[in-house]
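What the sequence shown shows, in the working numbering, is residues 23 to 649, in sequence order. Glycine included, each C-beta is placed from N, C-alpha and C at the ideal position. The structure appears below as structure tokens.
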Amino acid sequence: MFGKPRSLEMRCLGPPAVLVDGEEPAADVMWRKHVALLAYLALSPQHTRSRDHLMGLLWPEKDQARARHSLNEAVRRLRAALGAKRLISRGDAITLSGEQLRVDALGDGEGDGEFLDGLSLPDAPAFEQWLEQERARLRNRSLSSLIDSGEQALSTSEFEVAQTVAQRALGIDAEAEAAVRLQMRASALSGDSSGALITYRDFARHIEREYSVPPSKELRALAERIREGRWRRASLVHTDAEPPLVGREREHNRAFTELSMALAQGPRVLVVSALAGRGKTRLLSECVNRWRLEGGMIALANPLGTDPGTPWSTLRQLMRGGLFDAPGLAATDPTALRMLASVVPRLAERFEPMSGLGHTDIGNALGGLFEAIAEETPLAVVIDDAHLADEATLSALRGAIGTAIGRPILVVLSTCEDAKGEYTGLTKLLGDVGRRLAGGTVELELFSGDEVRALVQEMAPWCDGEEQLARLARRVDFETGGDPFLTVSLLRGLAEVSSLRGEALVWPLENVTLETPVPFDIPQLVKAATMERVQLLSATAKDVLVGTCVGGSEVQPDVLSGLLDIATSDIEDALAQLERHHIVSFDGDRYFVEAALLREVVLSELLTPGQRKRLEQRHESLRHQAG
23 MFGKPRSLEM RCLGPPAVLV DGEEPAADVM WRKHVALLAY LALSPQHTRS RDHLMGLLWP
83 EKDQARARHS LNEAVRRLRA ALGAKRLISR GDAITLSGEQ LRVDALGDGE GDGEFLDGLS
143 LPDAPAFEQW LEQERARLRN RSLSSLIDSG EQALSTSEFE VAQTVAQRAL GIDAEAEAAV
203 RLQMRASALS GDSSGALITY RDFARHIERE YSVPPSKELR ALAERIREGR WRRASLVHTD
263 AEPPLVGRER EHNRAFTELS MALAQGPRVL VVSALAGRGK TRLLSECVNR WRLEGGMIAL
323 ANPLGTDPGT PWSTLRQLMR GGLFDAPGLA ATDPTALRML ASVVPRLAER FEPMSGLGHT
383 DIGNALGGLF EAIAEETPLA VVIDDAHLAD EATLSALRGA IGTAIGRPIL VVLSTCEDAK
443 GEYTGLTKLL GDVGRRLAGG TVELELFSGD EVRALVQEMA PWCDGEEQLA RLARRVDFET
503 GGDPFLTVSL LRGLAEVSSL RGEALVWPLE NVTLETPVPF DIPQLVKAAT MERVQLLSAT
563 AKDVLVGTCV GGSEVQPDVL SGLLDIATSD IEDALAQLER HHIVSFDGDR YFVEAALLRE
623 VVLSELLTPG QRKRLEQRHE SLRHQAG
């Protein structure tokens with residue numbers, strides 16, 4: 023009894039409870055003022071208060087002698103139940119020993135329940151005031167912790183977790199707009215726009231009923247963006263066509279953290295590096311969606327193989343891909359626009375071009391344009407396959423980022439891992455990331471066996487039982503080598519073409535062991551699954567698919583019409599058919615086949631090398647004619 027104090031656990035979040043050595047204490051420990059004394063000391067500096075302070079706090083209605091007696095009696099009873107060393111007297115002060123003490127309200131994370139729920143001391147108004155202050159403080163701490171936890175879940179694409187956390191936060195404070203915003207964004211990103219708008223509607227009705235005020239301007243704007251639906255790229259419009267985001271939690275967290283920091287702190291560069299088929303375009307698409315959902319605008323370019331030798335071609339794509347339509351364009355310094363007009367013909371139609379300018383001049387002008395746009399709305403500049411961008415644009419972009427200080431600007435560059443060292447302009451820019459330019463790099467690796475199995479479990483509900491799931495997961499892992507695109511393509515094909523499922527479930531293959539090297543080329547089963555889907559298309563749709571694959575992300579119906587000698591109306595009907603089959607996507611301006619390896623399957627299976635070369639040359643000519 024007189025050694026170290028017995029273990030004491032105090033549960034203050036919710037109805038108060040005390041455990042001594044893991045068991046319920048004597049009944050008098052739970053008397054209201056005894057619980058109040060323990061809780062107050064537990065949350066006091068160094069767990070210590072003077073006797074006079076405690077007497078005035080808990081027994082203000084008594085004179086000093088009677089109050090001192092009440093305090094002494096409380097201390098005596100608590101020592102008898104908790105151990106003589108639990109409450110220590112030093113001069114005129116009383117200390118609650120921290121040895122073997124656990125108090126849930128002292129934790130750093132969120133807690134469940136109101137602080138000392140149900141406890142009230144009407145005859146001790148100073149304690150009641152402290153109690154209300156602590157309840158408010160702990161509610162805010164718990165709410166903040168939950169919001170942080172939800173944002174972390176959102177950054178790793180765990181949308182259900184984020185929604186659950188948001189609901190818990192709203193249980194603490196139904197008027198916490200940060201929790202409403204979290205739940206709306208998590209719902210929208212998961213594909214449930216209706217759920218996001220219901221959350222907004224219910225919140226708006228609540229605060230209108232209680233306070234006769236509308237939600238904040240920012241929350242109303244978020245609801246409007248979700249209602250319009252234009253923040254989403256087409257790949258997420260058909261949510262049933264998108265594979266679940268597994269095996270990318272760490273990478274998503276890095277990417278979306280850069281996005282958040284750009285919104286909050288100013289210009290940052292995010293580099294997404296991966297071999298073809300590893301999911302870099304999908305991650306870019308997710309970044310675009312989130313940026314637009316936050317109210318930002320996008321300028322997008324997707325250079326082609328001929329662009330590195332054409333100075334300023336990527337800058338012209340960026341202008342066509344969003345900068346021309348930016349609300350801040352008109353506020354840009356006219357001198358900067360004249361400088362840019364020297365390399366962008368469409369600007370030269372409105373501004374007299376200046377001559378004799380170098381990359382540094384254009385970079386400064388571009389930085390001025392970025393600043394003017396970002397003054398109006400957050401700006402994201404996205405270059406997919408940045409290793410194919412021309413050196414002049416990359417040099418100017420490198421300078422522009424460095425001049426636009428303090429503005430919400432994000433530059434996203436995707437590049438093939440094995441191509442970074444081949445292009446001087448890109449090498450110089452990437453060398454500055456994390457040094458002169460704030461930002462970071464995300465590298466996408468192959469799926470592990472566990473990640474392939476998780477994807478199979480989500481995308482192959484037709485499997486009958488755990489044994490078939492395990493067999494299919496091993497077969498898919500073997501066939502694809504963990505390549506994300508091949509894995510998704512194979513599973514998507516098996517979902518649509520049931521005749522291939524029997525072959526897919528055969529494992530192990532004849533004369534194959536787990537040590538057999540993974541095929542280097544695209545597996546035949548993936549080709550078969552892809553072509554089975556293509557065979558369901560009309561002849562015109564197949565031709566249009568070929569033209570779209572040749573054009574990459576630069577194809578529009580009028581360009582396709584010239585490329586294929588097909589009427590524009592027929593082109594549009596065929597593109598709609600391809601979109602319904604989830605083969606092409608539409609981002610609001612143009613149609614495209616997002617995955618490079620899918621393009622390769624279509625082009626290699628439907629065209630001879632000579633046909634492909636002629637179509638590519640014709641497309642390039644039409645593209646340059648279009649400016």
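Check                                                                                                                                                                 : Outcome
Determine the extent of the beta strand (DSSP E) in which Met52 is found, giving its start and end residues.                                                          : No beta strand (DSSP E) contains Met52, which DSSP labels as neither H nor E.
Given that a residue counts as buried once 16 or more other Cβ atoms are within 10 Å of its Cβ, and exposed if not, what is Asn324?                                   : buried
Pull up the distance between the alpha-carbon of Ala89 and that of Asp139, whole angstroms please.                                                                    : 26 Å
Cα separation between Glu397 and Gly350?                                                                                                                              : 7 Å
Please confirm whether Leu8 and Lys302 have their CB atoms less than 8 Å apart.                                                                                       : Nothing in the structure corresponds to residue 8, since the chain is present only between 23 and 649.
Using 8 Å as the threshold, is the C-beta distance between Ser511 and Thr552 below it?                                                                                : yes
Which of helix, strand or coil does DSSP assign to Cys571?                                                                                                            : helix
On the three-state DSSP scale, how would you describe Thr354?                                                                                                         : coil
Looking at the structure shown, is Ile588 part of a helix, part of a strand, or coil, going by DSSP?                                                                  : coil
Would DSSP call Ala263 helix, strand or coil?                                                                                                                         : Reliability fails at Ala263, whose pLDDT of 45 lies under 50, so the model's placement of it is uncertain and no value is given.
Only counting the same chain, and skipping five residues up and downstream in sequence, which positions put a Cβ closer than 8 Å to that of Trp152?                   : Tyr62, Leu79
Taking the beta strand (DSSP E) that Glu393 falls in, what are its first and last residues?                                                                           : First-last for Glu393: 381–398, but that is the alpha helix (DSSP H), not the beta strand (DSSP E).
If we count the other Cβ atoms within 10 Å of its Cβ and call it buried at 16 or more, is Leu65 buried or exposed?                                                    : buried
Going by CA-CA distance only, name the one from Arg252, Val293, Asn275 that's closest to Glu173.                                                                      : Asn275
Cutting at 8 Å between CB atoms, please list the residues of its own chain near Ala277, excluding the five before and the five after it.                              : Leu292, Val294, Leu305, Glu308, Cys309, Val464
Within its chain, find whatever has a CB closer than 6 Å to the CB of Ala422; leave out the 5 residues flanking it on each side and keep chain order.                 : Gly385, Leu388, Gly389, Phe392
Measuring straight from C-alpha to C-alpha, what distance separates Met341 and Arg360?                                                                                : 14 Å
Return the chain-ordered list of same chain residues with a C-beta closer than 6 Å to the C-beta of Ala460, the five sequence neighbours on each side being excluded. : Arg290
Helix, strand or coil: which one does DSSP assign to Ser209?                                                                                                          : helix
What does DSSP give as the partner residue(s) for Val434 in the beta ladder?                                                                                          : Leu292, Val404
Contact between the region 152–172 and the region 105–113: three or more CB pairs below 8 Å?                                                                          : no
Buried or exposed for Ser364, going by 16 or more other Cβ atoms inside 10 Å?                                                                                         : buried
What is the residue span of the beta strand (DSSP E) that Arg71 lies within?                                                                                          : 70–72
Given a cut-off of 8 Å, decide if Ile405 and Met348 are closer than it, judged by their beta-carbon atoms.                                                            : Correcting the residue type first, residue 348 is Ala in the shown sequence and not Met. Their beta carbons are not under 8 Å apart, which means Ala348 does not touch Ile405 by this criterion.
So who's on the other strand from Phe181, going by DSSP bridges?                                                                                                      : DSSP, once it has assigned bridges, lists no residue as partnering Phe181.
Cβ atoms of Gly317 and Arg247: under 8 Å apart, would you say?                                                                                                        : yes
Excluding sequence positions up to five away, which residues of its chain have a Cβ less than 7 Å from the Cβ of Gly336?                                              : A quick correction: the sequence has Thr, not Gly, at residue 336. Same-chain partners within the cutoff: Ala323, Pro325, Asp329, Ile405, Ala411, Asp412, Thr415.
Quick check: Ile110 and Leu76, are their CB atoms within less than 8 Å of each other?                                                                                 : no
Counting pairs of Cβ atoms below 8 Å between the region 238–247 and the region 202–209, do you hit three or more?                                                     : yes
When you compare each of Thr590, Asp595, Phe373 to Ser560 by their alpha carbons, which one comes out closest?                                                        : Asp595
For Glu473, write down the residues that DSSP places opposite it in a beta bridge.                                                                                    : According to DSSP, Glu473 bridges with nothing at all.
For the beta strand (DSSP E) holding Gly515, just list the boundary residues, first then last.                                                                        : That residue, Gly515, is in no beta strand (DSSP E); its alpha helix (DSSP H) goes 506–518.
Check for me: the beta strand (DSSP E) holding Gly421 runs from which residue to which?                                                                               : Counting along the chain, Gly421 falls outside any beta strand (DSSP E), though it belongs to the alpha helix (DSSP H) covering 413–425.
With H, G and I counted as helix, E and B as strand and the rest as coil, what does DSSP make of Thr502?                                                              : helix
Only counting the same chain, and skipping five residues up and downstream in sequence, which positions put a Cβ closer than 7 Å to that of Glu627?                   : Lys549, Met553
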